[in-house]
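Here our numbering is used: the first residue of the sequence shown is 1296, the next is one more, and so on. Have a look at the structure below, then the notes.
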Amino acid sequence: MSKAKKTAALKRLADLYRRMDEAYAAAATPIGLSCAGCADSCCETMFRHHTYVEWVGLWDGLGKLPAARQAEIRDAAENWIRRHQNPLLPGVRPRVPCPLAQESPEGLRCGLYDARPMVCRLHGVPNILIRPRGGQSAFPGCDRAQTLGKTCEPALLDRTPLLTELARLEMDMVGRDRMAKMPRVDLTIAEMILLGPPKI
Ligand code: SF4
């Protein structure tokens, strides 16, 4: 991929991420949802990510960190994979902080906040997704959001336009013909780190 193409894709991704954050705030603010002090940290959840453009964005953010911090993150990613491959209790998924997470007085926080992917940005608030061929999926929100939502009317976040735009951006960056030949992305953050930047 040319440098100009990558720069253009990252600019569009940053703009889309900004609008995701706005949509999240519009749903979280009415119910007073904040992640501060939450014991059930989403950064210990196994999220999977599905676009090359976000993988490129993640590596763009990683590349701006000091070399020593990048080495720590790589070690954390290796540890994360080891723990998941060898759970202490067979069949029970371990809760291991994402390799990018950092401890803070308020709990775990993202160490690559500006480049965190869509799943991390939109998780937590009640949301819906309208499927292209009809039907919709609904997520009631995290436990804290559901508790808060009982005392007032929750504002639903509609993920549909944001996901549609992300898919369009992915297609524009990779190219329709190439896309058909590329493996489908289905990776955790740890895997994206250990695999290195995508080869496109
Ligand atoms: S990328 Fe950031 S927000 Fe997402 S799980 Fe990892 S630390 Fe948490």
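Note that beta-carbon positions come from the ideal geometry of N, C-alpha and C, so glycine has one too. For clarity, every value in this text was computed on a predicted model and none was experimentally measured.
Check	Outcome
Hey, would you say the C-beta of Leu1403 is under 8 Å away from at least one heavy atom of the ligand SF4?	yes
Measuring alpha carbon to alpha carbon, tell me which residue in Arg1479, Ala1440, Gly1470 and Leu1457 is nearest Gly1327.	Ala1440
Beta carbon of Arg1369: closer than 8 Å to some heavy atom of the ligand SF4?	no
Taking the Cβ atom as the reference point for each residue, do Met1413 and Thr1346 lie within a distance shorter than 9 Å?	yes
So the alpha helix (DSSP H) Asn1374 belongs to, where does it begin and stop?	Ala1362 to Gln1380
Given this structure, state the Cα-to-Cα distance separating Gly1352 from Leu1383, to the nearest angstrom.	33 Å
If you reduce the DSSP assignment to three classes, tell me which class Arg1404 lands in.	strand
Going by the C-beta, is Leu1395 closer than 8 Å to any heavy atom of the ligand SF4?	yes
Could you check if Arg1390 belongs to the surroundings of the ligand SF4, using beta carbon to heavy atom distance under 8 Å?	no
Give the DSSP-derived three-state secondary structure of Glu1398 in the structure shown.	strand
Contact defined as beta carbons within less than 8 Å: I believe Leu1424 pairs with Arg1463. What is the distance between those atoms, to the nearest angstrom?	That pair is no contact at about 16 Å.
Pair every Cβ in the stretch 1328 to 1344 with every Cβ in the stretch 1390 to 1408, then say whether three or more of these pairs are closer than 8 Å.	yes
Comparing the CB of Thr1346 with every heavy atom of the ligand SF4, is any distance shorter than 8 Å?	no
Spell out the partners DSSP gives Asp1453 in its beta bridges.	Ile1423
So what does Ala1433 bridge to, in DSSP terms?	Ile1423
Could you check the C-alpha separation between Ala1320 and Ile1368 for me, to the nearest Å?	29 Å
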